[in-house]
Structures are given as structure tokens and as C-alpha cells.
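Undergrad:
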Amino acid sequence: MQASRPSNSSASASATRPACLITGAAVRLGKTIAEAMSAAGWDVAIHYRRSQSAAEELAEALTQNGGSAACFQSDLESAQAIAELFDRVVQHFPRLSCIINNASQFEFDRPETVSAALLESHTQTNLIAPVLLTRHLHQFLAAGHQHGEDPAGVVIHLLDQKLVNPNPDFFSYTLSKAALLEATRLCAAALAPVLRVAAIAPGITLPSADQTEAEFQKAHRMTPLGASSRPDEIADAVVWLARARAVTGTMLLIDGGQHLSPLSRDVMMMIRS
């Protein structure tokens with residue numbers, strides 16, 4: 005286990021702006037979300053596991069654009085690692101009020117091939133880490149709430165449209181995300197009014213695994229609207245949810261209507277077959 009730590013590429017926290025922690029923020033969708041949140045006036049804690057150079061480059065870019073950002077490494081593989089990550093973030097950003105759980109494990113298996121190891125690793129990253137971070141933020145904000153402060157806290161989970169349109173491909177991944185959807189509802193009910201908890205379910209947004217660009221483009225078009233979600237559309241929705249104080253306990257589908265087209269296999273497998 006590696007301890008989380010701020011990298012050298014960081015800027016001081018603002019005394020007035022709210023702060024957010026984004027897991028898996030150094031690359032891909034997480035990077036786009038970090039850029040959007042910074043542009044919307046948030047200080048950004050950039051969590052990464054292995055992508056240190058990318059995280060530091062992102063923090064530097066956000067800082068040069070007038071924002072405040074710092075990098076925090078953590079493997080999220082134990083309760084201790086998760087608690088240490090949260091503690092280091094709030095030490096650097098004491099105005100933390102938002103967590104965006106974007107980090108995700110996504111490996112192929114099916115019920116016929118599922119292993120305990122793959123179930124456990126998906127559950128740790130995709131369910132346990134987001135739920136524990138939610139608990140930590142609630143406890144942190146509840147302490148201020150008791151002293152009359154307005155917490156205005158929010159947790160946003162990144163899920164998947166296949167929870168509405170399920171198939172047995174990526175079995176462990178799907179189970180872990182389905183459990184996180186239920187946790188979204190339960191936590192929203194239990195942790196109000198201190199904390200809102202909501203989720204976003206993208207469709208096919210970026211190429212994954214060994215998917216070729218041609219396969220991705222074909223899959224991206226297989227929706228009622230002729231196109232699935234783009235990274236900037238997901239990021240815009242995150243920014244909106246972070247401010248939408250009447251929204252909690254729900255999942256926003258952003259997938260070009262992909263959830264309206266039931267498939268017996270994952271769309272990537274359908275294309276290849």
C-alpha cells in the first residue's frame with residue numbers, strides 16, 4: 005500500500021472557493037471532469053494511482069489557468085489507504101465539499117468465468133472506496149453542520165447505463181456498479197441534509213480495453229440518437245449536479261438513449277461478433 009501524498013505540483017487552497025476531490029482524475033474522463041470543475045470555480049484535488057506525471061501536468065495546467073489544484077496518490081486498496089487519502093486532501097483543501105468517484109476497475113469476465121479475486125478487486129475499487137469516501141465526507145461536513153455551518157456537500161458517483169440495460173458481460177464490474185447505485189439511494193436518504201448523493205450513468209464515452217478506434221466509433225453510433233456520450237457532456241453534468249441543491253438519490257443517464265436498446269451482449273462484443 006502506498007500512502008497518499010500531495011505532489012510538488014500543487015497550489016495553495018483558496019480561502020473562498022469550494023474544493024472537490026476527483027478520484028482517477030489524471031487521465032481520460034477524470035481529466036475532463038477536473039478541467040470542467042476548475043473552470044467552474046472549484047479547487048481540485050487530483051487523485052491518481054499510477055499516472056503521476058499526467059496528474060502533475062494537469063495540476064500545473066489548472067493552476068496556470070487561474071485555478072488551484074494538488075495531486076494525491078493512493079491505491080484505494082484498503083480502508084486505511086482511503087482514510088489517509090481523505091485526511092491529506094482536507095488538510096490541503098479544508099473547504100472540501102464535493103467528491104466525484106470516477107476511479108473504476110473495468111475488466112472482462114462473465115458468470116461462467118468469474119473468480120473471487122476479480123470480484124473482490126472490482127468491489128474494492130468500484131464500491132468500497134466510493135462508499136467509504138462518502139462516509140468520510142459526511143462526517144467531516146457534519147462536524148461543521150453542528151456549529152451552524154451550511155455544509156452543502158455532494159458526492160457524485162460515475163456509474164454506467166448498462167445498469168438499466170444489463171447483460172452478463174463484464175460481470176464483476178456490473179455487480180459492483182449495481183451495488184453502488186443502491187448505495188447512492190441509501191446514502192442519499194441517510195446522510196441528508198448534510199450530504200447529497202447522486203450518480204451519472206454514461207454510455208460509451210471513450211475507447212476501452214483493446215477496442216480499436218473503428219470499433220469505438222461504430223459502438224458510439226449504436227444509440228437511438230445516433231451518438232452516445234462525449235467526455236465534455238459528462239463533465240458538464242457533473243458541474244451541474246455539484247450545484248443542483250434539489251437533486252439527490254437519483255441517477256442521470258447521459259448515453260444517447262443507449263439504455264433504451266436492450267442487448268444480450270455488451271455492445272463491444274456485439275460489434276466483434
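Numbered per our numbering, the sequence shown spans residues 5 to 277.
For each residue, glycine too, the CB sits at the ideal point set by N, CA and C.
#1: Within the same chain, show all residues whose beta-carbon is closer than 6 Å to that of S108, passing over the 5 residues directly before and after it, in chain order.
#2: So the candidates are M274, A205, P98, S82; which of them puts its Cα closest to the Cα of L145?
#3: Where does R25 fall in DSSP's three states?
#4: Does the separation of the CB atoms of M41 and V48 fall below 8 Å?
#5: In whole angstroms, what is the alpha-carbon distance linking A250 and V118?
#6: Considering only the beta carbon of each residue, do S233 and G253 sit closer than 8 Å?
#7: Rank A121, V135, A239 by C-alpha distance to the C-alpha of C191 and give the top, closest one.
#8: Does DSSP put A203 in a helix, a strand or coil?
#9: In or out: A17 buried (at least 16 other Cβ within 10 Å) or exposed?
#10: What does a CB cutoff of less than 6 Å around P211 pick up in its chain, not counting 5 residues either side in sequence?
#11: I need the straight-line Cα distance from W244 to V198, nearest angstrom please.
#12: Could you check if N69 is buried or exposed, using at least 16 other CB atoms within 10 Å of its CB as the buried criterion?
#13: At which residue ranges does the region 61 to 131 contain complete alpha helix (DSSP H) runs of 4 or more residues, listed in the order of the chain?
#14: Could you give the distance in angstroms between the alpha-carbon of S268 and the alpha-carbon of T227?
#15: When burial is assigned at 16 or more other CB atoms within 10 Å of the CB, is C75 buried or exposed?
#16: Would you mind stating whether F323 and D259 have Cβ atoms separated by less than 8 Å?
#17: Do you know how far the Cα of V159 is from the Cα of V201?
#18: Identify which residue in I275, N106, T20 has its Cα closest to the Cα of L184.
#19: Checking 8 Å against the spacing of the C-beta atoms, do A241 and I204 come in under that value?
#20: Quick one: complete beta strand (DSSP E) runs, 3+ long, within the region 225 to 270?
#21: Could you have a look at V198 and say whether DSSP puts it in helix, strand or coil?
#22: Answer yes or no: do A218 and R225 have a C-beta to C-beta separation smaller than 8 Å?
#23: Please list the terminal residues of the continuous beta strand (DSSP E) segment that includes L162.
#24: If distances are taken between C-alpha atoms only, which option among R53, L25, N171, K166 comes closest to P115?
#25: Just tell me which of S101, G157, A182 has its CA closest to the CA of Q165.
#26: Closest to I86 by C-alpha separation, out of H51, A213, A59, E111, would be which residue?
TA: The short version:
#1: Taking the first residue of the sequence shown as 1, we reach residue 108 at position 104. Answer for S108: N130, listed in chain order.
#2: Within the sequence shown, the letter at position 141 stands for residue 145. Looking at the Cα atoms, P98 is the closest of the given residues.
#3: Here the question's residue 25 lines up with position 21 in the sequence shown. The displayed chain sequence assigns Leu, not Arg, to residue 25. In this structure, L25 counts as strand in the three-state DSSP scheme.
#4: Taking the sequence shown and counting its residues from 1, one reaches residue 41 at position 37. Taking the sequence shown and counting its residues from 1, one reaches residue 48 at position 44. Yes, Cβ-Cβ distance for M41 and V48 is below 8 Å.
#5: In the sequence shown, counting from the first residue as 1, residue 250 sits at position 246. In the sequence shown, counting from the first residue as 1, residue 118 sits at position 114. Distance between the alpha carbons of A250 and V118: 40 Å.
#6: As a working note, residue 233 is residue 229 in the sequence shown. As a working note, residue 253 is residue 249 in the sequence shown. Their beta carbons are not under 8 Å apart, which means S233 does not touch G253 by this criterion.
#7: Reading the sequence shown from its first residue, position 187 is the one you call residue 191. It is V135 whose Cα lies nearest to the Cα of C191.
#8: For the purposes of this step, residue 203 is taken as the residue at position 199 of the sequence shown. Here A203 sits in strand by DSSP.
#9: Your numbering for residue 17 matches position 13 in the sequence shown. Under this definition A17 is a buried residue.
#10: The residue given as residue 211 occupies position 207 in the sequence shown. So the list reads F220, once near-sequence residues are dropped.
#11: As a first step, residue 244 is located in the sequence shown; it is residue number 240 there, counting from the start. As a first step, residue 198 is located in the sequence shown; it is residue number 194 there, counting from the start. Approximately 19 Å between the Cα atoms of the pair.
#12: In the sequence shown, the residue the question calls residue 69 occupies position 65. It counts as exposed.
#13: 83 to 96, 120 to 127
#14: Start at 1 with the first residue of the sequence shown, and residue 268 comes out as number 264. Start at 1 with the first residue of the sequence shown, and residue 227 comes out as number 223. Answer to the nearest angstrom: the Cα atoms are 15 Å apart.
#15: Walking along the sequence shown from the start, residue 75 turns up at place 71. Buried, since its Cβ has 16 or more Cβ neighbours within 10 Å.
#16: Examination of residue 323 is not possible in this model, given that the chain is present from 5 through 277 alone.
#17: Translated into positions along the sequence shown, residue 201 becomes position 197. Translated into positions along the sequence shown, residue 159 becomes position 155. Their Cα atoms are separated by approximately 5 Å.
#18: On the sequence shown, position 180 is the one that residue 184 refers to. The option with the nearest alpha carbon to L184 is N106.
#19: Position 237 of the sequence shown, counted from the first residue, corresponds to residue 241. Position 200 of the sequence shown, counted from the first residue, corresponds to residue 204. Their beta carbons are under 8 Å apart, which means A241 touches I204 by this criterion.
#20: 255 to 258
#21: Taking the sequence shown and counting its residues from 1, one reaches residue 198 at position 194. V198: coil per DSSP, three-state reduction.
#22: By one-based count along the sequence shown, residue 218 stands at place 214. By one-based count along the sequence shown, residue 225 stands at place 221. No; because the gap between Cβ atoms is not below 8 Å, this pair is not in contact.
#23: If you number the sequence shown from 1, residue 162 lands on position 158. Element bounds for L162: 157 to 162.
#24: Within the sequence shown, residue 115 is the residue found at index 111, counting from 1. If we check each option's Cα against that of P115, N171 comes out closest.
#25: For the purposes of this step, residue 165 is taken as residue 161 along the sequence shown, with counting starting at 1. Residue A182 is the option with its Cα nearest to Q165.
#26: Counting from one through the sequence shown, the residue named residue 86 turns up at place 82. It is H51 whose Cα lies nearest to the Cα of I86.
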